[in-house]
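Trainee: Have a look at this one before I ask anything.
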Amino acid sequence: MSTIYHVNQPADFELVITDILRYHKESNASSLLLTLAGDLGAGKTTFTQQFGRLIGVSEPITSPTFTIMKQYEISHTYFDTMIHIDAYRFESEEEAGPLHLDELLAQTRTLICIEWPERIASFIPAQAIHIDISISEGEQRLVEVTYPGEGGRTV
């Protein structure tokens, strides 16, 4: 299933996030994996910042481009941990090995956001929610969220 949202400002990501959280609750999954694709400057980190803010991350969320991965402890209805990964600097999928993504994905009550997932595509499981952010007219963002399954709508 795919849904397209029109986002005019960062706060408008809240509708997207609310829908994702609703889906997560209904899926009864123990953790949530989001992949974030889009050009440089499209809003992948901004989306992650907004998501973190809504689920209670109290410290600033910055792009982990150079550190590759950051972890945030939270107290939320669905999550205890948020992990933010940026695969932009990976030149091959083998570089993702030290992250032990399989172990991270097996953790319960964990939200994982991966920017530039196409660089580590073989590590991304089928149950991931894919988010593609593109810049539209007047700095508006088009956000396409693809859930496991089929169908679609525009918001």
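For the sequence shown, my numbering assigns the number 69 to the initial residue and increments by one for each residue that follows.
The beta carbon of each residue, even a glycine, is placed where N, CA and C say it ideally should be.
Keep in mind the model is a prediction, meaning the values are calculated, not measured.
Within its chain, find whatever has a CB closer than 8 Å to the CB of residue 149; leave out the 5 residues flanking it on each side and keep chain order.
Mentor: Your numbering for residue 149 matches position 81 in the sequence shown. Correct list, in chain order: 139, 140, 141, 142, 175, 177, 178, 179.
Trainee: Taking the continuous beta strand (DSSP E) assigned at residue 91, which residues delimit it?
Mentor: What you label residue 91 is simply residue 23 of the sequence shown in a count that begins at 1. Residue 91 -> not in any beta strand (DSSP E); alpha helix (DSSP H) instead, spanning 81-95.
Trainee: Report yes if the CB atom of residue 87 is closer than 9 Å to the CB atom of residue 113, and no otherwise.
Mentor: Looking up residue 87 in the sequence shown gives position 19. Looking up residue 113 in the sequence shown gives position 45. Result no, Cβ atoms of residue 87 and residue 113 do not sit closer than 9 Å.
Trainee: Mind checking whether residue 152 and residue 183 have CB atoms under 9 Å apart?
Mentor: Working through the sequence shown from its first residue, we reach residue 152 at position 84. Working through the sequence shown from its first residue, we reach residue 183 at position 115. Yes, these two residues count as a Cβ contact at 9 Å.
Trainee: Where does residue 154 land, buried or exposed, given buried means 16+ other C-beta within 10 angstroms?
Mentor: To locate residue 154, count along the sequence shown from 1; it is residue 86. Its Cβ being crowded by 16 or more others within 10 Å, residue 154 is buried.
Trainee: How many angstroms separate the CA atom of residue 219 from the CA atom of residue 69?
Mentor: Position 151 of the sequence shown holds residue 219. Position 1 of the sequence shown holds residue 69. Reliability fails at residue 219, whose pLDDT of 45 lies under 50, so the model's placement of it is uncertain and no value is given.
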